[in-house]
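Student: Okay, handing you the structure first.
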Amino acid sequence: MSLRNTLDFLLYDWLQVQQLSERSRYADHGRETFDAVFDTCERIAADKFAPFNRLVDTQEPHFDGEKVVLPQATYDARQAYADSGMLSAAQDYALGGMQLPFVVESAANTFFAKASISIGSNMLTTGNANLLMAHGTPLQQQVFAHNEFNGRFTGTMCLSEPQAGSSLSDVATRAVPDGADFEADPLGARYRLRGNKMWISSGDHELSENIVHLVLAKVPDASGKLVPGVKGISLFIVPKKLVDSQGQLTGERNDVALAGLNHKLGWRGTTNTLLNFGEGQYPVRGSAGAIGYLVGQVGDGLRCMFHMMNEARIAIGMAATMLGQAGYEASLEYAKNRPQGRPLGAGGKDAAAPQVAIFGHADVRRMLLAQKTYCEGALALNLLAARLVDEQHTGGEGSAAEAKLLLEVLTPIAKSWPSEWCLEANSLAIQIHGGYGYTRDFPVEQYWRDNRLNMIHEGTHGIQANDLLGRKVRMQDGAGLKLLTQRIEATAAKAQQQPELAGLAQQLQAAWHVVLSTTEQAWQWGDANRTLANAVPYMQGFGHVVLAWIWLDVASAVLASSGAALDAKAQGRLACAQFFFRYELPKIGAWLQVVQTGDTTCVDLIDEGF
Numbered sequence: 086m087s088l089r090n091t092l093d094f095l096l097y098d099w100l101q102v103q104q105l106s107e108r109s110r111y112a113d114h115g116r117e118t119f120d121a122v123f124d125t126c127e128r129i130a131a132d133k134f135a136p137f138n139r140l141v142d143t144q145e146p147h148f149d150g151e152k153v154v155l156p157q158a159t160y161d162a163r164q165a166y167a168d169s170g171m172l173s174a175a176q177d178y179a180l181g182g183m184q185l186p187f188v189v190e191s192a193a194n195t196f197f198a199k200a201s202i203s204i205g206s207n208m209l210t211t212g213n214a215n216l217l218m219a220h221g222t223p224l225q226q227q228v229f230a231h232n233e234f235n236g237r238f239t240g241t242m243c244l245s246e247p248q249a250g251s252s253l254s255d256v257a258t259r260a261v262p263d264g265a266d267f268e269a270d271p272l273g274a275r276y277r278l279r280g281n282k283m284w285i286s287s288g289d290h291e292l293s294e295n296i297v298h299l300v301l302a303k304v305p306d307a308s309g310k311l312v313p314g315v316k317g318i319s320l321f322i323v324p325k326k327l328v329d330s331q332g333q334l335t336g337e338r339n340d341v342a343l344a345g346l347n348h349k350l351g352w353r354g355t356t357n358t359l360l361n362f363g364e365g366q367y368p369v370r371g372s373a374g375a376i377g378y379l380v381g382q383v384g385d386g387l388r389c390m391f392h393m394m395n396e397a398r399i400a401i402g403m404a405a406t407m408l409g410q411a412g413y414e415a416s417l418e419y420a421k422n423r424p425q426g427r428p429l430g431a432g433g434k435d436a437a438a439p440q441v442a443i444f445g446h447a448d449v450r451r452m453l454l455a456q457k458t459y460c461e462g463a464l465a466l467n468l469l470a471a472r473l474v475d476e477q478h479t480g481g482e483g484s485a486a487e488a489k490l491l492l493e494v495l496t497p498i499a500k501s502w503p504s505e506w507c508l509e510a511n512s513l514a515i516q517i518h519g520g521y522g523y524t525r526d527f528p529v530e531q532y533w534r535d536n537r538l539n540m541i542h543e544g545t546h547g548i549q550a551n552d553l554l555g556r557k558v559r560m561q562d563g564a565g566l567k568l569l570t571q572r573i574e575a576t577a578a579k580a581q582q583q584p585e586l587a588g589l590a591q592q593l594q595a596a597w598h599v600v601l602s603t604t605e606q607a608w609q610w611g612d613a614n615r616t617l618a619n620a621v622p623y624m625q626g627f628g629h630v631v632l633a634w635i636w637l638d639v640a641s642a643v644l645a646s647s648g649a650a651l652d653a654k655a656q657g658r659l660a661c662a663q664f665f666f667r668y669e670l671p672k673i674g675a676w677l678q679v680v681q682t683g684d685t686t687c688v689d690l691i692d693e694g695f
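Heads up: the sequence shown begins at 86 in my numbering, then just goes up one per residue.
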């Protein structure tokens, strides 16, 4: 399959992940064990996920009055995933994990994302447990995280509220101490939560023994008022069913109730819920109020939650990438087998000549190469981000610090760029199918619907762009931007030594210089509102230059590993690099111009003019 070949090249020839085996944490591993993990995941994805992608799209979750009902295929897929050990793939041996590098775990999960993105939300369970391993008490880790890793429990993240959405400073869920002995509970300081959470993926189901909700809420001050802003937000573990200090169910249902199922455009196989906390539908221990256990310190909730959110943003970027890849593979197969039209000869078209496959038409080939370029470039970007996570955790002091800094700058791009451009790949896949692309007889319309959600999942484009321009490129006096500049210049210098790439290297350097000068110009107005009004165009231009850097670095690795003979795959990768520099990189001028001039067209229009 093209995905496996691409993964192998990016991991072993480009990122050199086999070198991680030289580190003590990964000493038991090598390419053989990594490949064995990929073989297993590829097989499970093909057997338990891919055949049911359409089924879970059409047989959406429904509430029968007592419980959420899902197709049997969802239970089987989730169990197969849990049995594979992937929930704890990167964890210590002592926890039953495999101590795999995060980049290998991420690569292995691509097979499931491509096969059926909505048949399960294992990413949330792993992210939930990872957060508790970083910020929870030892007993919280043992009772909740360990049971998520072994598959007994599943996990969610509960941030958004119906009235607040992404504006977390407006969170209104309240948490009050539960009794005079609230601080003595072995599972953590015990509170009673009351509030509502919206858009909670996998918020209710019967797939596991228990559901561990991580909930953002505010603890009232001495006057009973909620602290304004995000500084007053705390984080709580709120299990659907209460457990004892050994992790065993007590038989008590917590006061967490399903208020409704949201029916989305895509990801229809995953339950998406409105949850009511503490409204008394399931009174617990004699009163209303959902019991929750404090994670970390009061007021420290957002910092803890972002441990999970940054990881989730990389995963969403990878999900978008794989949906684009699935559409590309489907449209490539269709183009090779769909006869339509005739080639144009010197005398025009010969109507008597046999039809040719649309694969031979120039515009179809353009759309196919665009998809391949977007998806493989996005995959490389997200694997690089995952590799930086490994460096941050297992590298030397200096390289770990650099990886952390570089990851801060790249994470908004790793999430947003694939969710925009791999969605465009899905749109092109529909276009190649023609009228059939809009029907459910072919899978590409579902891939587009599933992928459209990723521009909103884990922070919209606007949120990511404000983070990038408003914070990430300026933090520590621009240290992250300077480090990225060094990496880009190093790639360009290396490519300058390869005659086939020297022109692209010069083009990259010129484009990056425009990004750097635009970054300076963006803040010349002394008005953050004016600057951030064009944060999304800035991020689009920034992201395209980052992808140009990625493609140039990949192309350099292609030439270095291929020698004099370029096989078809190598030629394909070089064509992608060339396509990106010729067709895509020139687009940055229009995006960055409005940033450079501080254009205010959008904000100046009077409200009545819309």
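Glycine included, C-beta positions come from ideal geometry on N, C-alpha and C.
1) Residue 372: buried (16+ other C-beta within 10 angstroms of its C-beta) or exposed?
2) Give the DSSP bridge partners of residue 375, in chain order.
3) Find out if the Cβ-Cβ distance for the pair residue 646, residue 576 is shorter than 8 Å.
4) Is there contact between the segment 210 to 229 and the segment 147 to 165, where contact requires at least three CB pairs shorter than 8 Å?
5) Enumerated in chain order, which unbroken segments of the beta strand (DSSP E) with a length of 3 residues or greater are wholly contained in the segment 272 to 353?
6) Between the alpha carbons of residue 284 and residue 90, how many angstroms are there, rounded?
7) Please classify residue 676 as buried or exposed, where buried requires at least 16 neighbouring CB atoms within 10 angstroms.
8) With distances taken from CA atoms, which of 299, 297, 300, 318 is nearest residue 306?
9) Counting along the chain, where does the beta strand (DSSP E) carrying residue 261 start and finish?
10) Is it the case that the Cβ atoms of residue 399 and residue 467 are separated by a distance below 8 Å?
11) Who are the Cβ neighbours of residue 672 in its own chain at under 7 Å, not counting the five residues just before and after it?
12) When you compare only the Cα positions, how much space is there between residue 253 and residue 380?
13) With H, G and I counted as helix, E and B as strand and the rest as coil, what does DSSP make of residue 153?
14) Would you call the segment 332 to 349 in contact with the segment 288 to 308, where contact means no fewer than 3 C-beta pairs closer than 8 Å?
15) Between residue 143 and the ligand SAM, is the CB less than 7 Å from at least one heavy atom?
16) Contact check, residue 446 vs residue 430 under 8 Å by CB: the rounded distance?
17) So, at 7 Å on beta carbons, what are the nonlocal neighbours of residue 473 in its own chain, with the 5 sequence-adjacent residues on each side left out?
18) Looking only at its chain, what residues have a beta carbon closer than 8 Å to the beta carbon of residue 258, apart from the 5 residues adjacent to it on each side?
19) List, from N- to C-terminal side, the alpha helix (DSSP H) runs of 4 residues or more that fit wholly inside the segment 136 to 183.
20) Closest to residue 503 by CA distance: which of 542, 529, 520, 485 is it?
21) With residue 207 and residue 166 assumed to form a contact (beta carbons below 8 Å), what rounded beta-carbon distance in angstroms separates them?
22) Buried or exposed: where does residue 691 fall if 16 or more other Cβ atoms within 10 Å of its Cβ makes it buried?
23) Looking at the strands, I want to know which residues DSSP matches up with residue 238.
24) Please classify residue 610 as buried or exposed, where buried requires at least 16 neighbouring CB atoms within 10 angstroms.
25) Determine the closest residue to residue 507 out of 694, 403, 573, 440, with distance taken between C-alpha atoms.
26) Within 10 angstroms of its Cβ, does residue 59 collect 16 or more other Cβ (buried), or is it exposed?
27) Closest to residue 401 by CA distance: which of 428, 418, 450, 471 is it?
28) Nearest to residue 621 by CA position, among 549, 562, 558, 564, is which residue?
29) With burial defined as no fewer than 16 other Cβ atoms inside 10 Å of the residue's Cβ, what is the status of residue 614: buried or exposed?
30) For residue 253, does the three-state DSSP call read helix, strand or coil?
31) On the premise that residue 251 lies in contact with residue 355, defined as a C-beta separation below 8 Å, what is that separation, rounded to the nearest angstrom?
32) Please report the Cβ distance between residue 650 and residue 454, rounded to the nearest whole angstrom; I am assuming they are in contact, meaning their Cβ atoms lie under 8 Å.
33) Taking the straight line between their C-alpha atoms, what separation do you get for residue 321 and residue 266?
34) Would you grab the beta carbon distance between residue 369 and residue 327 for me? Rounded to a whole angstrom, and I think it's under 8 Å.
35) CB-CB under 8 Å to residue 249, same chain, minus the five flanking residues each way: which ones, in chain order?
36) Could you tell me the alpha carbon to alpha carbon distance between residue 138 and residue 592, rounded to whole angstroms?
Tutor: Reading from the atomic positions:
1) exposed
2) Per DSSP, the beta bridge partners of residue 375 are 278.
3) Result no, Cβ atoms of residue 646 and residue 576 do not sit closer than 8 Å.
4) No, they do not touch.
5) Complete beta strand (DSSP E) runs here, min 3: 275 to 286, 295 to 303, 318 to 324, 326 to 328, 334 to 338, 341 to 346.
6) 36 Å
7) buried
8) 318
9) 259 to 262
10) Contact: yes.
11) 629
12) For residue 253 and residue 380, the gap between their C-alpha atoms comes out near 18 Å.
13) In this structure, DSSP gives residue 153 an extended state, which the three-state scheme calls strand.
14) The segment 332 to 349 makes contact with the segment 288 to 308: 3 or more CB pairs, one atom from each, lie closer than 8 Å.
15) For the structure depicted, the ligand SAM is absent and the ligand set is empty, with no information on it obtainable.
16) About 14 Å separates the CB atoms of residue 446 and residue 430; that is not less than 8 Å, and the two are not in contact.
17) 488, 491, 492
18) 246, 278, 279, 280, 281, 282, 300, 301, 302, 303, 362
19) 138 to 143, 157 to 169
20) Ranked by how close their Cα comes to the Cα of residue 503, the residues 542, 529, 520, 485 have 542 in first place.
21) Between residue 166 and residue 207 the Cβ distance is about 6 Å, and since that is below 8 Å, they are a contact.
22) Here residue 691 is exposed: its Cβ has fewer than 16 other Cβ atoms, across all protein chains shown, within 10 Å.
23) Residue 238 pairs with 295.
24) exposed
25) Relative to residue 507, the option among 694, 403, 573, 440 whose CA is nearest is 403.
26) Coverage of the chain is limited to positions 86 through 695, which leaves residue 59 absent and any answer about it impossible.
27) 471
28) 549
29) exposed
30) The three-state reading of DSSP puts residue 253 in helix, counting H, G and I together.
31) About 19 Å separates the two Cβ atoms, so there is no contact after all.
32) Not quite, the Cβ-Cβ distance comes to about 22 Å (not below 8 Å), so this is no contact.
33) 17 Å
34) 7 Å
35) 255, 256, 257
36) Spanning the two alpha carbons is a distance of roughly 42 Å.
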